[in-house]
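With positions in the sequence shown counted from 1, the corresponding number in the numbering used here is that position plus 406. What follows is a set of notes on a single structure, which appears directly below.
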Amino acid sequence: MWAKKATISQYRRKTGDKWAKTNALLRDRELRKYVPPTRRLNVNALQSMLDSYGMVYVKPVVGSMGKGVMRVEKEDASDRVSYGYQLGGHKNQFSSYKSLYHSLKKTAGGKRHLIQKGIHLLTYEGRRFDLRVVVQQAPSGGFEATGIVARIAYPGKIVTNGSQGGTILPAEQVLRPYASPQQIKGLLSRLSSMGVNTIKTLRRTYPGMKEIGVDVALDRELRPWILEVNTRPDHCPFAVLQDQTMIRRIVHYGKQYGRTYKLACLDR
């Protein structure tokens, strides 16, 4: 029993490495176009990416529920350059890159972090949102996208996680201001295919993988970007929806490969 638990623990540590998963996705020609430019955090890489993109996200290499994620920005006014980053609801401003980096590294606390090009998320009623796409091993074999849901950030927050106050809504509802019903149907089908391709690609590196949750941003052109792949996804977002069709399917599929669920969820 101990050996089995140790093996599971080692697998979770291995699959929890965001940097390793990013590189695994980059090896696939089709998925590569959905992955934002990503680098390991160091003093030169951050400055270079801020110069190129103006806004980036700095994330722990190993972490979950949006904890420790920072939105870092460079503001280039005509008379001066300033920098800032936000963690949770707190914003920090700096007059120099050196002071920004010193503070950010202190906040990082010695943990490994990566830098990801910032995608300006679409908004719903003034709040940023992204999408969670769940893909699972199907009882009949192969893989299927079993659910897509929208996660709307709590006002003033930079992450959409329900554990940090985010709101869960049907994807179709938040996409209505941006696309026709037919366009939405096509987009969700595209995201489902992308999700299935993602798990097939990751299984080349992690053969035991049976389910994933892909966090997807949509930019103003409705182009999808893979923000993160969760290998032990929380299914509470689907459990709090009024329509229980997706969560019933997720639970049914998961039971076929031994996944158990604790779905006494609040609005997460």
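Ideal Cβ positions, reconstructed from N, Cα and C, are used throughout, including at glycine. Given the structure is predicted, the values throughout are model-derived calculations rather than measurements.
- By the C-beta density criterion, A559 is buried, having at least 16 other C-beta atoms within 10 angstroms.
- Relative to L510, the option among G495, T529, K523 and Y489 whose CA is nearest is Y489.
- With respect to F549, V602 sits close: the two C-beta atoms are nearer than 7 Å.
- By the neighbour-count criterion, in which 16 or more other beta carbons inside 10 Å mark a residue as buried, T604 falls on the buried side.
- A straight-line Cα-Cα distance of about 40 Å links G614 and E531.
- Around the Cβ of L527, a 10 Å sphere holds 16 or more other Cβ atoms; the residue is buried.
- Between V467 and K424, the C-beta spacing is below 7 Å.
- Distance between A623 and V487, taken at the CA atoms: about 28 Å.
- Per the coordinates, the alpha-carbon of D640 lies some 13 Å from the alpha-carbon of L537.
- Straight-line spacing of the CA atoms in L647 and K661 works out to 20 Å.
- Three or more beta-carbon pairs separated by less than 8 Å link the region 441-457 to the region 495-514, which places the two stretches in contact.
- CA-CA distance, R626 to P442, rounds to 15 Å.
- Taking 7 Å as the cut-off, the beta carbon of D434 is found closer than this to the beta carbon of T607.
- If you look at P643, you'll find it in the alpha helix (DSSP H) that goes C642 to A645.
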